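Chemist: All the letters of the sequence shown, read from the start, carry residue numbers 973 to 1076 under my numbering.
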Amino acid sequence: MINQLTESQFLDTFIGEMTDITETVKVTTDIWAYAAELLPLGILSDQAFEKQLIESVYANSTGSYHHILLFGPSPNNYVAIIVDVNKCSILGHHLLDINGIYSI
């Protein structure tokens, strides 16, 4: 079951500074079944899903949450899948429109 996080819920997972761990992360939770449920919503790139492409992974300062960014359907749009590392489970997802956030 998918769970779209509110802005507040998403921001609650930011504890301290977020660190890019894309190159060093050890995957503990399979995100692809969850991502498959997002495909019919049109918020995830079909090609990125098929090739299981991850743009980047960030961890909060306590390591309790990982933000796994997957490509959205258009440039600068991402789906952040939030993994609760301690529970080895997916908390939910949040949509990121970089153009909107930074007025690009």
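Cβ coordinates follow ideal geometry from the N, Cα and C atoms, glycine included.
Just so we're clear, the structure is a prediction, and the values are computed from it rather than from any experiment.
#1: Kindly indicate which three-state DSSP category Gln981 falls into: helix, strand or coil?
#2: Name, in chain order, the residues that DSSP records as bridge partners for Val997.
#3: With a floor of 4 residues, list each alpha helix (DSSP H) that falls wholly inside the segment 1000–1055, ordered by position along the chain.
#4: Among Phe982, Ile987, Ala1007, which has the Cα closest to the Cα of Gly1035?
#5: Which of helix, strand or coil does DSSP assign to Ile1062?
Modeler: Taking the coordinates as given:
#1: Shown here, Gln981 sits in a helix according to DSSP, grouped into three states.
#2: According to DSSP, Val997 bridges with nothing at all.
#3: Runs of the alpha helix (DSSP H) inside the segment 1000–1055: 1004–1010, 1018–1022.
#4: Ile987
#5: strand
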